[in-house]
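These notes are about the structure you will find just below.
Residue numbers (the working numbering): 396 to 533.
See the structure below:
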């Protein structure tokens, strides 16, 4: 068994922990990103408005030729595990070829973009920290 998420739950005073759940790719309808004609979709397993969760795990799918057409950054760290296909990922100024079985860990504010490079969908499991500020240790 592959355990790639290793973190303690980050409590918020006055907010109950979320109810544990089990789901699958087949149980969630993918959502198309705006203005992508369905070639970039995300299957969200957690309601993004539910602040009880301190992390999300999604599946991102790009059809062949699909891409993130701009370098984006995020305030949170996140990890990607490639489930299917091949792609190229732009990370902090460098392009890296990735394929099924590859894993990437992206630091906060790392400029990133990607495109599906093969003839089959490019899919990855996406972990990201959400709804919490990073601790500031002085």
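Glycine included, each C-beta is placed from N, C-alpha and C at the ideal position.
None of these values were measured; they are calculated from a predicted model.
Taking a contact as a CB-CB distance under 8 Å, the pair residue 524 and residue 472 counts as one, their CB atoms being some 6 Å apart. Under the DSSP assignment, residue 453 falls in the beta strand (DSSP E) whose first and last residues are 450 to 457. Going by DSSP, residue 437 is part of the beta strand (DSSP E) stretching over 435 to 439. A straight line joining the alpha-carbon of residue 437 with that of residue 531 spans about 31 Å. Here residue 503 carries a coil assignment [DSSP, helix/strand/coil].
For residue 487, the CB contacts under 7 Å within the same chain, skipping 5 residues up- and downstream, are 505, 506 in chain order.
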